[in-house]
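All the letters of the sequence shown, read from the start, carry residue numbers 19 to 497 under the working numbering.
Idealized CB from N, CA, C, for every residue including glycine.
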Amino acid sequence: MGAKKKERVVFYSKNDGATWPNLLLAEERLKAFSKDAEFDTKDILELYHIKLYFDNGLHHPNWNLEETDSFKGIVTDCWAVVKKFMLEINNESITENLSKAGHHYNRSFWQLVEMLNVYKKVDRETFASILQNFHRDVYIILSLPLLVKHFQNEIREFLLTYQETAELLIGNTEGREKADHELHFPRNLTLVDKERIISDYLDSPLANLNYVRLVVTSRDTPEFRLSPKVRLKAKKKAEELNDQIMEEGYTWSEGVEIAIAKDQTEPIKITRRGSTIVTSYSEPYLDAHTGSLPLFNVFANLFHYTDQQGLIDLVSHDSELDTLKKIMMKSKNEYVTGTAFLRKRYQSEMQLLLYTHYLKGRNLTVEQLIKDVIDALASHFELGSLRFNMPSADSSYLEKIRTLAPELEFILKQFQAFAEDGAIDFELLELQSNPIRFSEIPSLCETKYIYANGSEIIRLMSQFYSDRASLHDVAPFEE
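Pasting the structure below:
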């Protein structure tokens with residue numbers, strides 16, 4: 019049998035769960051430390067990781083004050099040994115030392131190379147060779163701006179041919195979740211270079227659907243810009259890869275079904291048939307609603323377009339996203355949705371069609387309900403009139419959208435004028451051509467929005483309401 023692999027101290031982060039076991043191991047190393055001993059590359063990097071624990075104020079709870087102070091003094095001696103070793107590395111020895119660093123210590127090795135200016139002893143040919151032989155380290159190197167600036171020509175030439183460059187570019191530019199270490203691409207890697215890298219990636223059989231989708235949703239920035247031609251190529255590639263998954267991969271179906279039941283007494287009944295959610299509404303219950311306002315409120319009370327606070331519920335909530343969706347790569351520009359949101363989308367569209375058909379039987383239209391509600395609001399707030407031109411019921415959906423889009427913006431401007439001035443001056447509104455943002459619309463309430471921004475309340479909300487929290491599992495307590 020081979021020799022047992024030596025356990026090493028590794029600093030992962032200030033809040034990592036492996037802190038205490040690593041500090042106990044660090045204690046062994048510090049007690050055995052002698053600055054006159056012989057150290058190899060891993061020994062040196064381990065001493066540096068021990069120093070990182072102390073730099074971050076992490077001490078084992080079993081240590082008393084005297085022990086902690088003693089260890090701090092030893093760590094100072096350790097750092098002197100680390101610096102001496104690293105400063106002796108030169109152009110001839112850097113490759114050998116890097117090869118001995120090991121997976122856990124590669125980043126630390128490069129950090130010390132930058133921190134102690136060791137890279138200035140390395141010639142460009144040697145560095146180019148390192149990039150070819152240790153290509154996985156390019157992710158680490160790109161996180162070190164001084165290295166990138168010093169070797170920008172060599173790094174650019176490497177990135178132009180490296181098969182994972184596109185994913186590094188896309189992930190750093192478009193990824194929603196920021197990496198632990200920001201990447202710094204060389205300044206001489208031009209926009210033309212980047213577009214060519216992306217285009218070649220889209221032609222590659224190694225193209226990953228997650229990254230291709232990020233290209234599709236990407237936005238132009240001063241550092242990353244793609245032509246319509248490349249964007250179209252990405253769109254077609256995403257469709258191609260998605261079709262392959264549908265044909266060859268594992269898929270499942272989700273469905274919604276709605277109906278109006280003539281003999282149902284409950285206002286709403288929800289059942290499940292396989293993976294399809296079946297919702298039925300009581301026709302007698304709907305028939306009991308008379309007047310435009312009660313019939314309009316069906317959208318809130320029965321269809322749940324809005325919640326109890328009057329906020330639109332047809333949005334994607336973080337609590338509705340499954341674990342897989344949360345950890346998948348996402349664009350920072352993407353509106354993240356899951357199965358629950360798609361179900362709400364399809365169901366709300368079907369509800370509108372179903373209700374339109376029902377109202378037609380009562381010689382009513384959704385358009386008429388909305389018009390009556392707007393007139394009622396104008397009367398309630400003594401506004402005289404609110405201007406809102408509804409499309410005709412016979413218009414096509416496209417025509418309705420074209421009519422409603424500017425009308426909805428104009429009704430918001432009317433409300434803004436009323437909230438700010440207590441009256442609506444239509445002549446003044448006609449002179450205002452700038453589009454309105456929802457965030458700019460004032461409220462008649464003293465406090466318009468309340469957001470949970472504190473880390474403590476967000477943690478509590480997660481523990482109480484997330485289906486992945488331990489409190490969600492109530493089965494053991496049901497008896």
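With DSSP as the reference, label residue i as helix, strand or coil.
{"i": "A423", "result": "helix"}
{"i": "G91", "result": "helix"}
{"i": "A44", "result": "helix"}
{"i": "S147", "result": "helix"}
{"i": "Y323", "result": "coil"}
{"i": "D34", "result": "coil"}
{"i": "T308", "result": "coil"}
{"i": "A225", "result": "coil"}
{"i": "I468", "result": "coil"}
{"i": "I278", "result": "strand"}
{"i": "P453", "result": "coil"}
{"i": "G475", "result": "Contrary to the premise, residue 475 reads as Ile rather than Gly in this sequence. Correct three-state label for I475: helix."}
{"i": "I330", "result": "strand"}
Mind checking which residues open and close the alpha helix (DSSP H) that includes residue i?
{"i": "I5", "result": "The question about residue 5 has no answer, for the chain in this structure spans 19 to 497."}
{"i": "S117", "result": "I112 to A119"}
{"i": "A256", "result": "P246 to E266"}
{"i": "L156", "result": "Here residue 156 turns out to be Val, not Leu, going by the sequence shown. Unbroken alpha helix (DSSP H) run through V156: V156 to I159."}
{"i": "V131", "result": "N124 to M133"}
{"i": "P163", "result": "P163 to H168"}
{"i": "M61", "result": "Checking the sequence, you will find Asp at residue 61 rather than Met. T59 to D73 is the extent of the alpha helix (DSSP H) around D61."}
Do residue j and residue i have their beta-carbon atoms positioned less than 7 Å apart in this structure?
{"i": "V274", "j": "A252", "result": "no"}
{"i": "N109", "j": "D58", "result": "no"}
{"i": "H307", "j": "L313", "result": "yes"}
{"i": "V100", "j": "F72", "result": "no"}
{"i": "W38", "j": "K69", "result": "no"}
{"i": "L43", "j": "V27", "result": "yes"}
{"i": "I454", "j": "L430", "result": "yes"}
{"i": "L178", "j": "E132", "result": "no"}
{"i": "E63", "j": "Y137", "result": "A quick correction: the sequence has Leu, not Glu, at residue 63. Cβ distance not < 7 Å, so L63 and Y137 don't count as in contact."}
{"i": "A146", "j": "E114", "result": "no"}
{"i": "H202", "j": "L160", "result": "yes"}
{"i": "V248", "j": "I216", "result": "yes"}
{"i": "V230", "j": "K255", "result": "yes"}
{"i": "N351", "j": "R237", "result": "yes"}
{"i": "L134", "j": "L164", "result": "no"}
{"i": "Y66", "j": "S126", "result": "yes"}
{"i": "L207", "j": "R174", "result": "yes"}
{"i": "E385", "j": "G356", "result": "no"}
{"i": "P204", "j": "Q181", "result": "no"}
{"i": "L232", "j": "E185", "result": "no"}
{"i": "N74", "j": "K139", "result": "no"}
{"i": "S293", "j": "E272", "result": "yes"}
{"i": "I459", "j": "Q434", "result": "yes"}
What first and last residue would you give for the beta strand (DSSP E) that runs through residue i?
{"i": "S291", "result": "The question names Ser, yet the displayed sequence has Arg at residue 291. Unbroken beta strand (DSSP E) run through R291: I286 to R291."}
{"i": "T297", "result": "T294 to S300"}
{"i": "I442", "result": "It is not in any beta strand (DSSP E) - I442 carries neither H nor E in the DSSP assignment."}
From the beta carbon of residue i, is the nearest beta carbon of chain D less than 7 Å away?
{"i": "E110", "result": "Protein chain content of the structure displayed is limited to a single chain, and chain D is not contained in it."}
For a minimum of 3 consecutive residues, which ranges assigned as the beta strand (DSSP E) are wholly contained in the stretch 334-387? As for any beta strand (DSSP E) of minimum length 3 sitting wholly inside the stretch 334-387, there is none.
Inter-stretch contact at 8 Å, needing at least 3 Cβ pairs: the stretch 286-300 / the stretch 390-404: No: the two stretches stay apart, fewer than three of their Cβ pairs being nearer than 8 Å.
So does the stretch 435-444 actually touch the stretch 417-426, counting three or more Cβ pairs closer than 8 Å? Output reads no: the stretch 417-426 does not touch the stretch 435-444.
Pairing CB atoms from the stretch 382-391 with CB atoms from the stretch 401-409, are three or more of them under 8 Å? They touch, by the three-pair rule.
The stretch 356-364 contacting the stretch 328-337, beta-carbon criterion three pairs below 8 Å: In short, these stretches touch, since the Cβ pair count reaches three.
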